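Heads up, the final residue of the sequence shown is numbered 311 in this note's numbering, and it's a clean run with no missing numbers.
We put the CB at the ideal spot given by N, CA and C, even for glycine.
Bear in mind the structure is a predicted one, so any value in this text is a computation, not a measurement.
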Amino acid sequence: MRNTLFILSTLLSIAACDAKPPAVEAAKTEPSSASAPDKTSEKPTPKAEAPAPIEMIDHDLSGEKGWEGFHAKGPSYAKVMSELHSGARIAGGGSRLEKVKTEPFDLKFYPGKNDFVQAKEGHTKSTGSPSGIEAGAKVTYTTDTPELLEWTYESRGSSHFGFFSNFQVADKDISCTTERAPTTEARDRAKEACKSLTKR
Numbered sequence: 112m113r114n115t116l117f118i119l120s121t122l123l124s125i126a127a128c129d130a131k132p133p134a135v136e137a138a139k140t141e142p143s144s145a146s147a148p149d150k151t152s153e154k155p156t157p158k159a160e161a162p163a164p165i166e167m168i169d170h171d172l173s174g175e176k177g178w179e180g181f182h183a184k185g186p187s188y189a190k191v192m193s194e195l196h197s198g199a200r201i202a203g204g205g206s207r208l209e210k211v212k213t214e215p216f217d218l219k220f221y222p223g224k225n226d227f228v229q230a231k232e233g234h235t236k237s238t239g240s241p242s243g244i245e246a247g248a249k250v251t252y253t254t255d256t257p258e259l260l261e262w263t264y265e266s267r268g269s270s271h272f273g274f275f276s277n278f279q280v281a282d283k284d285i286s287c288t289t290e291r292a293p294t295t296e297a298r299d300r301a302k303e304a305c306k307s308l309t310k311r
């Protein structure tokens, strides 16, 4: 009888040793929520869309008196309009009301040559301050030749860029200008449009 009880006790002890605690088994079979990232919550970072290239098209200035037969390049969203002193103007873009933002463009053509000395004086007087230039403002002329006056105007942490250009088309003296381009790239685009002026 004692031998039988001893054998049964031994068998129960062996079975108890072979059994695995449920908590330990669950720990091995179920992955930890902390170590397994939830891929469904990951969202791809949206890529910033590149601005659409500016399409430069031909604009006919013939509707303005004295500019019959003249054509020049300008953005597709710009329009030809009148300008003081018998000038013609291609302008458009930059409005706060636009649903699709466009770069401001404003190119003016005038008959005759521009006096760059007077142009410089006009820069200082146009600010309206007694000293002739806005407090803290700085005008830097980057090109100053008889054919081209180019500048950067800096004030209150912002800058704009402009130029005056003198040239001839069909034996006629012409000047053109952009005075408040937002970037040097915008100014250079206006300069190329200025050079595109032809008479047909």
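{"Asked": "Identity of the residue in 206, 211, 216 and 212 nearest residue 191 by Cα", "Found": "216"}
{"Asked": "Cα-Cα separation, residue 305 to residue 184", "Found": "8 Å"}
{"Asked": "Span separating the alpha-carbon of residue 159 from that of residue 168", "Found": "Its pLDDT being 45, under 50, residue 159 is placed unreliably in this model, and the value from its coordinates should be taken loosely. C-alpha separation (whole angstroms): 27 Å."}
{"Asked": "Residue 286 vs residue 259 beta-carbon contact at 8 Å", "Found": "no"}
{"Asked": "Rounded straight-line distance, which links the Cα of residue 289 to that of residue 273", "Found": "5 Å"}
{"Asked": "Buried versus exposed call for residue 196 [16 or more other C-beta atoms within 10 Å across all chains shown]", "Found": "exposed"}
{"Asked": "Complete alpha helix (DSSP H) runs within the stretch 208-268 (minimum length 4 residues, chain order)", "Found": "227-236"}
{"Asked": "Exposure of residue 207, with buried meaning 16 or more beta-carbon neighbours within 10 Å", "Found": "exposed"}
{"Asked": "Endpoints, alpha helix (DSSP H) assigned at residue 194", "Found": "It is not in any alpha helix (DSSP H) - residue 194 instead sits in the beta strand (DSSP E) that spans 190-194."}
{"Asked": "Whether residue 301 touches residue 214 by CB criterion (8 Å)", "Found": "no"}
{"Asked": "Rounded separation between residue 262 and residue 174 - CA only", "Found": "31 Å"}
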